[in-house]
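Undergrad: What follows is a single structure, and I will ask about it in a moment.
Residue numbers (our numbering), protein chains in the order written: chain S, 2 to 360; chain L, 6 to 251.
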């Protein structure tokens, strides 16, 4: 970042525990580690996909054997199972993309939109269940949810652009409305067909909800979202920070807003598997809120929210597996603990002379 | 010579309420235009129409000789909006990150080049806030923050600087220094359009005045404005004219 610039002489006037360089190095190392982990997980999902082909089957076997050894050393019964790896892979990728998209959402004060899109995705799941039951289509339930959620995202965007003064009222109506439609559709559908899908899993998040195709979808959308954000980092930052100035500089503000909202919808559908409809927004918001407490720059906010997000996911999984409790609640509770710790650190730092509160 | 801004017969309404009524004005290169008028007179609306943030109901706006709706040289304009409308207040963005945004329109898709970074550093130095570069922008005082926004405009190498009440909530000393800076930039050839509620500041600094209250009451040089009745006409005889030094 900026630590090596010739004008970066303010390090003396900002007493921090570590020198800025060390702190940056640690963060970069952490983010790189998360990147490697995410790449391995994408690799696993890919192997899972092609494991009926020669060589891939062997590699897949080897992966699970390595997992079995991990079980031996850790005394667990987790890593030898392919379905657990699918959940872990999905979780690790959620831990990357949800805080990434969330950083822009939170600072645009659009946190409620994440929650709304999650509820729209629930309506999507309901529509998908009916669609599959009626047509016998063999595609994935989540693909239907993805489409419905993306359409919902465009509708939300359309609403916010046309209702400036009461921005969050139509959003709140849409939030409850789509959830209401979802519950009605599921109850109605139960009248004439058997619904073999764990609705509670979608509501509260569960390790068992993640299917091979769900993990595959998460892997694809993660790669796409990370690529898009890497390409549009500057534009999204400018628009988030000062929308009018960005517009004057001739950036396509409404285009980037739409892109951000659709990316959110896509991430929400992927994250819904392990977090559940009701809790998914937490992963968009809480790591970012924690990072904003202690970060000194926007770039650092991005790095820290990804790190905090990843720790929440892995910690939450460990707790959920250990205590046989749902993953969604566990992840969010860990995330909130990190948030509280960040507030504490920020307050301590403020007392010692470095004011890093958000207000 | 092509004017920097050319507004012809612009009318703008919010629903039933007419905010701008047949306003025409031009800003020439090197002008320092003070845009004044009572609260709710349409100053900000005029500035927004001028910059293409809002489309007028009738009339035409040209920037640097290009119709505003087709204008594509965004880097030529530096815009500093009213502080209250900036989200920068709560976002963890450093001064340097903010100033580098001025280079975004130049950089296209890729990362900022070394030259872009250098231009941003120069802009920081020019407004004398290099030592604050790593601070979060929300830790700065009002005056320092406005300097950061000016530096962003300088980094974009803007030819036109548009400022909407930039010194609201800024202490008197920083305010004087800030206007001193604007003077210097104007002397260096940058065209400035400034909305300011303190008429004293405007008449001291600007070489041209546009006084509006829905309609344009005066548009011309500062001397003729001071001698004219435009002020009392625009503000009404009972209106309160803000003319004070904090």
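For glycine and all other residues, C-beta sits at the position ideal for the given N, C-alpha and C.
1. Going by C-alpha distance, which of S:86, S:222, S:205 and S:53 is nearest residue 67 of chain S?
2. Can you grab the Cα-Cα spacing for the pair residue 286 of chain S / residue 109 of chain S, in whole Å?
3. Alpha carbons only, please: which of S:104, S:121 and S:46 is nearest the one belonging to residue 181 of chain S?
4. In this structure, does DSSP put residue 33 of chain L in helix, strand or coil?
5. How many whole angstroms separate the CB atoms of residue 155 of chain S and residue 226 of chain S, which I take to be in contact at a CB cut-off of 8 Å?
6. Give the C-beta separation of residue 242 of chain S and residue 89 of chain S to the nearest angstrom, bearing in mind that I take them to be a contact with Cβ-Cβ under 8 Å.
7. Write down every uninterrupted run of the alpha helix (DSSP H) in the segment 148-205 of chain S whose length is 4 residues or greater and which is fully enclosed by it, in chain order.
8. Any residues in the segment 294-326 of chain S with a beta carbon nearer than 8 Å to a beta carbon of chain L? Which ones, in chain order?
9. Please list, in chain order, all residues of the same chain as residue 224 of chain S whose beta carbon is under 8 Å from its beta carbon, the five residues on each side excluded.
10. If I follow the unbroken alpha helix (DSSP H) through residue 227 of chain L, where does it start and stop?
11. According to DSSP, is residue 295 of chain S helix, strand or coil?
12. Sort S:133, S:346 and S:303 by Cα distance to residue 98 of chain S and report the nearest one.
13. If we count the other Cβ atoms within 10 Å of its Cβ and call it buried at 16 or more, is residue 313 of chain S buried or exposed?
14. Three or more C-beta pairs under 8 Å: does that hold for the segment 106-125 of chain L against the segment 61-75 of chain L?
15. From residue 214 of chain S to residue 177 of chain S, what distance separates their C-alpha atoms?
16. Looking at the unbroken beta strand (DSSP E) that takes in residue 78 of chain S, where does it start and where does it end?
17. Does the count of Cβ pairs from the segment 124-137 of chain L and the segment 245-263 of chain S closer than 8 Å reach three?
18. I want to see whether chain S comes within less than 8 Å of residue 216 of chain L, judged by CB atoms only; does it?
19. Using a Cβ-Cβ cutoff of less than 6 Å, which residues in the same chain neighbour residue 80 of chain L once the five nearest sequence positions on both sides are dropped?
20. Roughly how many whole angstroms lie between the Cα atoms of residue 188 of chain S and residue 130 of chain S?
21. Quick check on the DSSP output: the beta strand (DSSP E) that includes residue 85 of chain L runs from which residue to which?
22. Checking the sheet assignment: what are the DSSP bridge partners for residue 39 of chain L?
23. When every heavy atom of the ligand COA is checked, does at least one fall within less than 7 Å of the C-beta of residue 290 of chain S?
24. How would you write the range of the alpha helix (DSSP H) that residue 123 of chain S sits in, first residue to last?
25. Would you check if the segment 25-43 of chain L and the segment 210-221 of chain L touch, i.e. whether three or more CB-CB distances between them fall below 8 Å?
26. Please report whether the beta-carbon of residue 20 of chain L lies at a distance below 8 Å from any beta-carbon of chain S.
27. Just by C-beta distance, which residues in the segment 121-147 of chain L are closer than 8 Å to chain S?
28. Answer with yes or no whether the minimum CB distance from residue 120 of chain S to chain L is below 8 Å.
29. Please report whether the beta-carbon of residue 235 of chain S lies at a distance below 8 Å from any beta-carbon of chain L.
30. Count the other C-beta atoms from every protein chain shown that fall within 10 angstroms of the C-beta of residue 232 of chain L, then say buried if there are 16 or more, exposed otherwise.
31. Terminal residues of the continuous beta strand (DSSP E) containing residue 250 of chain S?
32. So the beta strand (DSSP E) residue 236 of chain S belongs to, where does it begin and stop?
33. What are the residues in the segment 211-232 of chain S lying within 7 Å of chain L by C-beta distance?
34. With a threshold of 6 Å on Cβ separation, who are the neighbours of residue 11 of chain L within its own chain once the five nearest residues in sequence on each side are excluded?
35. Which residues in chain S have a C-beta closer than 8 Å to the C-beta of residue 67 of chain L? List them in chain order.
36. Does any CB atom of chain L fall closer than 8 Å to the CB of residue 53 of chain S?
TA: So, to answer that:
1. S:86
2. 12 Å
3. S:121
4. coil
5. Actually they are not in contact, since the Cβ atoms of residue 155 of chain S and residue 226 of chain S sit about 17 Å apart, beyond 8 Å.
6. Not confirmed; about 35 Å, so no contact.
7. Along the segment 148-205 of chain S, the alpha helix (DSSP H) occurs as fully enclosed runs of 4 or more residues at 169-191 and 200-205, listed in sequence order.
8. 296, 297, 298, 299, 300, 301 and 302
9. 43
10. 227-232
11. Correct three-state label for residue 295 of chain S: helix.
12. Taking each of S:133, S:346 and S:303 in turn and checking the Cα distance to residue 98 of chain S, the smallest one comes out for S:303.
13. buried
14. Too few Cβ pairs lie closer than 8 Å, so no.
15. 28 Å
16. Note, residue 78 of chain S: premise wrong, no beta strand (DSSP E); not H, not E.
17. no
18. Taking Cβ atoms only, chain S never reaches closer than 8 Å to residue 216 of chain L, which makes this a no.
19. 110, 111 and 161
20. 11 Å
21. 82-85
22. Looking at the DSSP assignment, residue 39 of chain L forms a beta bridge with L:199 and L:214.
23. As presented, the structure is devoid of all ligands, the ligand COA included, so that no description of it is given.
24. It spans 112-136 - the alpha helix (DSSP H) in which residue 123 of chain S sits, taken as one unbroken run.
25. yes
26. Not an interface residue.
27. 122, 126, 129, 130, 135, 136, 137, 138, 139, 140, 141, 143 and 144
28. no
29. yes
30. exposed
31. That residue, residue 250 of chain S, is in no beta strand (DSSP E); it is neither H nor E in DSSP.
32. Counting along the chain, residue 236 of chain S falls outside any beta strand (DSSP E), though it belongs to the alpha helix (DSSP H) covering 213-242.
33. 232
34. 31 and 67
35. Going along chain S, no residue has its Cβ under 8 Å from residue 67 of chain L, so there is no contact; the nearest lies around 15 Å.
36. no
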